[in-house]
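**Q**
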Amino acid sequence: MLKLKKIQILGFKSFCDRTEVALPGNGIAVVVGPNGCGKSNILDGVTWVLGEQSAKTLRGGKMEDVIFAGTRSRKPLGMAEVSITLIDPEAYQGPLLDEPEISIENELPRDWDEDALRAESAAEVEEIISESQPGQVIESAAPAGAPQDPAAGTAPDAAGTPQEAASAEGAAQEGASAQEGGAVPAVVLKIRRRKFQRVPQQGEIVVTRRLFRTGESEYLLNGKLCRLRDIQDIFMGTGLGPESYAIIGQERIEQLLSSKPHDRRAIIEEAAGITRFKTKKRLAELRLEQAKQNLARVNDIFEEVTRQMASLKRQSAKAERYGALRDELRGRLRVVLASKLAQMDAEQAELQQEITEATASIEERAAKVEELDQQHAAGLSQGYALDEQAKAAQQQASQSAVELERTTTREQANRERLQELERRGEQAKAEQQQARQQLEATATEREAQRGFLQNAEEEAASFRAQAQASQQKMRDASQAVSVAEQKIEAGRRQAGQLLNQLNVVRNQSAQAEESLAALDREAARLEAEMATAKRDLENLGAERGQLSMRFESITETLQRLEQEIAAARAQIAQKRTEEMEARRKGDQLRSERATLVGRKNSIESLIRDHSYSTETVRKLFRANTLGEGLKPVGTLADFLEVQDQYENVVDEFLRDELNYVVVKSWDAANEGMRVLKTDVDGRATFLVHPEDSQALFSFAATEHLQPPVAQRTGVVPLKDCIRVLNGFGKSLEVILPKLRDGYVTPDMETARSLAQEYPRAFFLAPSGECFHNLTVTGGRSRSGGPLALKRDLREVSEKLALVEKDLGQAEVTAAELSKLLGDLTRSLEVKSEERRQAERESAQQGAALRQMDSEIQRLDRRVQDLNLQSSRNKDARTAKQSFLEEKREEIGRLEEQHRAAEASIAEGQAAVAELRATREDAQQDAARLSAELAGHEERRRGAEAAFGRIDRLHGDLERRLQQMEQQMAAAAAEQQQRQQENEQLAVRREELSNTRTEAMKQVAELTQQATTLRSELAQVEQSLKTLRAENNALREKLTAATAREARCSADKQHLEETCL
202 MLKLKKIQIL GFKSFCDRTE VALPGNGIAV VVGPNGCGKS NILDGVTWVL
252 GEQSAKTLRG GKMEDVIFAG TRSRKPLGMA EVSITLIDPE AYQGPLLDEP
302 EISIENELPR DWDEDALRAE SAAEVEEIIS ESQPGQVIES AAPAGAPQDP
352 AAGTAPDAAG TPQEAASAEG AAQEGASAQE GGAVPAVVLK IRRRKFQRVP
402 QQGEIVVTRR LFRTGESEYL LNGKLCRLRD IQDIFMGTGL GPESYAIIGQ
452 ERIEQLLSSK PHDRRAIIEE AAGITRFKTK KRLAELRLEQ AKQNLARVND
502 IFEEVTRQMA SLKRQSAKAE RYGALRDELR GRLRVVLASK LAQMDAEQAE
552 LQQEITEATA SIEERAAKVE ELDQQHAAGL SQGYALDEQA KAAQQQASQS
602 AVELERTTTR EQANRERLQE LERRGEQAKA EQQQARQQLE ATATEREAQR
652 GFLQNAEEEA ASFRAQAQAS QQKMRDASQA VSVAEQKIEA GRRQAGQLLN
702 QLNVVRNQSA QAEESLAALD REAARLEAEM ATAKRDLENL GAERGQLSMR
752 FESITETLQR LEQEIAAARA QIAQKRTEEM EARRKGDQLR SERATLVGRK
802 NSIESLIRDH SYSTETVRKL FRANTLGEGL KPVGTLADFL EVQDQYENVV
852 DEFLRDELNY VVVKSWDAAN EGMRVLKTDV DGRATFLVHP EDSQALFSFA
902 ATEHLQPPVA QRTGVVPLKD CIRVLNGFGK SLEVILPKLR DGYVTPDMET
952 ARSLAQEYPR AFFLAPSGEC FHNLTVTGGR SRSGGPLALK RDLREVSEKL
1002 ALVEKDLGQA EVTAAELSKL LGDLTRSLEV KSEERRQAER ESAQQGAALR
1052 QMDSEIQRLD RRVQDLNLQS SRNKDARTAK QSFLEEKREE IGRLEEQHRA
1102 AEASIAEGQA AVAELRATRE DAQQDAARLS AELAGHEERR RGAEAAFGRI
1152 DRLHGDLERR LQQMEQQMAA AAAEQQQRQQ ENEQLAVRRE ELSNTRTEAM
1202 KQVAELTQQA TTLRSELAQV EQSLKTLRAE NNALREKLTA ATAREARCSA
1252 DKQHLEETCL
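To convert, count from 1 in the sequence shown and add 201; that's the working numbering.
Right, here's the structure in full:
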């Protein structure tokens, strides 16, 4: 009775890590745990490993659901595996645990990291799954004797251990070698290698089931792949199985109680052990039914073959008639083809002459092409140098043009400044002359005013004395009025002062309003000018940005073109070198191919004509006088293949035997002997092929005591060195005793000693000597034996195939490189033209960019000045507005005070009116005198004021003359400096003009040289293309002639071999 020892679960449902459930002791094992911890999953795993195929029984929707589906911290696994270990207590020799093994750890690491442990467990599981993946399928040929099982490729059984897998692989290799030796149908063995667990102990059964997410499923029994049927056979009748009574899961008892009698009978039969026999009975019945079907098919096949026999007999008769007609047709064709062979020989000679002439012409043209290639390369190098010189000269001309333009602009500015200075000098001279005239007139007038002032002072002094006396009188009369008028006068003075102050304030206010209006107009003008300047600056900035982008784009394009041109030149040089190398290689390969073709034809001709044989044998094959159906098959050398290291030895040892003429029958041999006696001189040996029915000779190897020399080191039997073809087999050992009793020794001493020890055998030394009994045969080896010729033919054919393959590749490579060179040259010319256009555009854009930078700087300075003026204007307007507000307040205050003063004066005037009448009389005299004195005083003050004004004007005119002289001196100095600078600029402009003229002349000369060189290069390139086209045409002609010659040779050979 088997006992469950342990359960191992990996990736099954909730068991993501490898879990082992050990069941020690002999009692009942109970698994205890909370809900959802996986207790039922253990029982499901046991059910699953025993072969359960229903996912519903395992509480899933599909079988893939039993694989661990992953959690938030663990990714899904790719495999589910369950293993159960059962032991037979009576036969098991391993250790048994009577009690549960309990391990208690008192200490845990302080830095216990659950994430790290989970990661470690996950890595371990991934490693186990990767090792358990289905192994690599290795296909190899099965041995010839292996049974061809159609299910061998898909059977799950495989080598269980590495030793078994290695043995299976070795068997497959042996089968492959057997297949090469003979026509054996190939059988494919698919071996699946697997890394399995340990080997179970005696009395222990380990059942394992694996399911992969790819859908593959495996069953293992004791670590070896098996079928589900094998596991079911083991547990059948024991009560263990997916549907047995031994596993009672959830709700299983209710199902058993409510099941039908038929289902209960199945459980009872399983418990009684009857199910196993019923299953075996059912399988036996199925096999019997299949055997009956096979017998019925055999009878059908037999009847079908019987019906086809009559048709096959008719076809056989038709085949015999066809053979007779074919032989008659061949006899008549030989007469026609004999003349055609002579015609083909003449055509072959003409073709060889044509090939020789074409080869010489190709070599001559190849030399011319190489010479023209060198000229073309030199011309390209010279053209590149001319382009570089033209570029440098163009740059120099552009720089000279820019400097010349700058110099011309500066010179024009100096001329304008000189004209302005001359104009200002003339104006200054006129103003100076006018000022001197005014100074002279002012001096004369000042002297006149001085005399008038002295007269006025004297008259005023005389009248002042009279007025003082009259006024003294008037004071007494006016004393009474003075007191009354003081108040009025005080009021008037106050009113006058107020009125004066009011006028002054009004004038200041008006002036302030005019100044504010002027400042507003100035601010509006400044804003307009600033807006205009900023708009111009923005426009210039946008234009400069676009121009700068175009300039940078042109510069990048120029750099890119320079790089592309340099890369294209390098690539052209490289591809031209590769083309020349490919063409030279092609010419060498053609020459080598022609040599190899000639060598191959020569060897084939020697082998075909049997030049290695005697003259008699060659005559027999050439004359073809044996009649129809009696033609010799060949010589014995045509049926032998010898290892390379033994060819010379065998060729010398079997020299006469290799010339045996092999015929198909004794009739052909008799006919050959008759021809030798009558038509052909000489002797020959005829060998009847063993397949001839007239041979009447047993070719079975007779028992012959072989000397035990093969056991010695270095001694090889001669028959092991030779491979016999076309049906001879071991019959040659009976026909040729030298082949049967021949041995190859490592040296002459060994051969001599063995010949004395075994006198009936033949011993061959590596140098070609043959020792037999007390005789030795040797001498200089002949060259051109049949075996050596066949080896040379194989080597030449292999070399010729390689050379033709290399020649085809070389011609394709040369054509591709020639086409690529043409494309690269055209691309280089296009890029050179684009580069020249980009250089011209770059120079123009650079000059425009510099001019625009100068204008932008001028506008920046103008905007800065306008900003400064606007700031000052704003400050002035703010001050004026404040001042205007203050004056308006002061005007209101003064007007109020003036009205009060006017009212006070009106009251005083009413009081003084009476006093004035009295005063009038007294004042008339004083008034008259005062009036006269006032007139004289006024005259004196006027004269004094006029004299002061004239004096000030005279001083101003003197200072103005000094300033004008200083300005004229500064203008003269600046004019002289400008004239000197203009002279220097004129010299510089002349130098720049000459430099630019020379540079443009050099550019024109270089351009002309480059154009001439390009035309010459075009002519050279056209000549190259013409020569290459002619050379290609000649090569094609040579190839066609070679093909025709080879075809002619092959046709002639075919006619000689098959028709004559």
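Quick reminder that beta carbons are idealized off the backbone N, C-alpha and C, glycines included.
Residues bridged to Arg220 by DSSP?
**A** Rather than Arg, the amino acid found at residue 220 in this sequence is Thr. Thr220 pairs with Ile210.
**Q** In whole angstroms, what separates the C-alpha of Glu328 from that of Met280?
**A** 12 Å
**Q** Do you know offhand how far Leu877's Cα is from Arg884's?
**A** 7 Å
**Q** Are at least three pairs of beta-carbons, each pair with one atom in the stretch 1146-1163 and one in the stretch 629-641, less than 8 Å apart?
**A** yes
**Q** So what's Arg924 in DSSP terms, helix, strand or just coil?
**A** strand
**Q** Whole angstroms are fine: how far does the CA of Gln402 sit from the CA of Arg260?
**A** If you draw a straight line from the Cα of Arg260 to the Cα of Gln402, it comes to about 35 Å.
**Q** With distances taken from CA atoms, which of Arg1041, Met1053 and Thr415 is nearest Ala602?
**A** Arg1041
**Q** Would you check if the distance between the CB atom of Arg791 and the CB atom of Leu1008 is smaller than 8 Å?
**A** Going by C-beta atoms, Arg791 is nearer than 8 Å to Leu1008.
**Q** Mind pulling the beta strand (DSSP E) runs of 3 or more residues that sit fully within the stretch 623-667?
**A** none
**Q** Under 8 Å: do the stretch 545-564 and the stretch 1239-1252 share three or more Cβ pairs, one atom per stretch?
**A** yes
**Q** Pairing CB atoms from the stretch 618-625 with CB atoms from the stretch 1222-1229, are three or more of them under 8 Å?
**A** no
**Q** Select from Arg1140, Arg761, Leu1130 and Thr643 the residue whose C-alpha is nearest the C-alpha of Gln672.
**A** Leu1130
**Q** Along the beta strand (DSSP E) that carries Lys461, what are the first and last residues, could you check?
**A** Looking at the DSSP string, Lys461 is not in any beta strand (DSSP E), and its letter there is neither H nor E.
**Q** By how many angstroms is the C-alpha of Leu1050 removed from the C-alpha of Glu1056?
**A** 10 Å
**Q** Quick check on DSSP: helix, strand or coil for Glu1246?
**A** In the structure shown, the three-state DSSP call for Glu1246 is helix.
**Q** Any idea what DSSP makes of Thr1212, helix, strand or coil?
**A** helix
**Q** Is it the case that the Cβ atoms of Asp942 and Pro967 are separated by a distance below 8 Å?
**A** no
**Q** Spatial neighbours of Glu200 within its chain, please: C-beta separation below 8 Å, excluding the five flanking residues on both sides.
**A** A query on residue 200 cannot be resolved here, the shown segment of the chain reaching from 202 to 1261 and no further.
**Q** Output the distance between the C-alpha atoms of Ala1118 and Ala666, rounded to the nearest integer angstrom.
**A** 27 Å
**Q** What are the boundary residues of the beta strand (DSSP E) that Arg875 is part of?
**A** It is not in any beta strand (DSSP E) - Arg875 instead sits in the alpha helix (DSSP H) that spans Trp867 to Thr879.
**Q** Tell me whether Met437 is buried or exposed, calling it buried when 16 or more other Cβ atoms sit within 10 Å of its Cβ.
**A** buried
**Q** Mapping DSSP to helix, strand and coil, what is Ala966?
**A** coil
**Q** Which ranges would you report for the beta strand (DSSP E) in the stretch 503-580 if only whole runs of at least 3 residues count?
**A** none
**Q** Tell me whether Leu854 is buried or exposed, calling it buried when 16 or more other Cβ atoms sit within 10 Å of its Cβ.
**A** The sequence given here places Phe at residue 854; Leu does not occur at that position. Phe854 should be labelled buried.
**Q** When we look at the beta-carbon of Gly212 and count the other beta-carbons within 10 Å, is it buried (16 or more) or exposed?
**A** It is buried - the Cβ of Gly212 has at least 16 other Cβ atoms within 10 Å.
**Q** I'd like to check one pair, Leu859 with Thr886: are the Cβ atoms closer than 8 Å?
**A** no
**Q** By how many angstroms is the C-alpha of Gly799 removed from the C-alpha of Val997?
**A** 10 Å
**Q** Name, in chain order, the residues that DSSP records as bridge partners for Gly835.
**A** Val863
**Q** Assuming Thr248 is part of the alpha helix (DSSP H), what are its boundary residues?
**A** Per DSSP, Thr248 belongs to the alpha helix (DSSP H) from Lys240 to Val250.
**Q** Expressed to the nearest angstrom, what Euclidean distance is found between the alpha-carbon atoms of Arg477 and Ile469?
**A** 13 Å
**Q** Should Asn1068 be listed as close to the ligand MG, given that the test is whether its C-beta is under 7 Å from any heavy atom?
**A** In terms of ligand content, the structure shown is empty, and the ligand MG therefore cannot be addressed.
**Q** Do you know whose CA, among Leu318, Glu529, Asp788 and Glu612, lies nearest Arg1236's CA?
**A** Asp788
**Q** Straight-line CA distance for Ala734 to Arg1037?
**A** 38 Å
**Q** What would DSSP say about Pro225, mapped onto helix, strand or coil?
**A** coil
**Q** To the nearest angstrom, report how far apart Ala1251 and Glu1222 are at their CA atoms.
**A** 42 Å
**Q** Taking all protein chains shown into account, do 16 or more other C-beta atoms lie within 10 angstroms of the C-beta of Ser599, making it buried, or fewer, making it exposed?
**A** In summary, Ser599 is buried, with 16 or more beta-carbon neighbours lying within 10 Å of its beta-carbon over all protein chains present.
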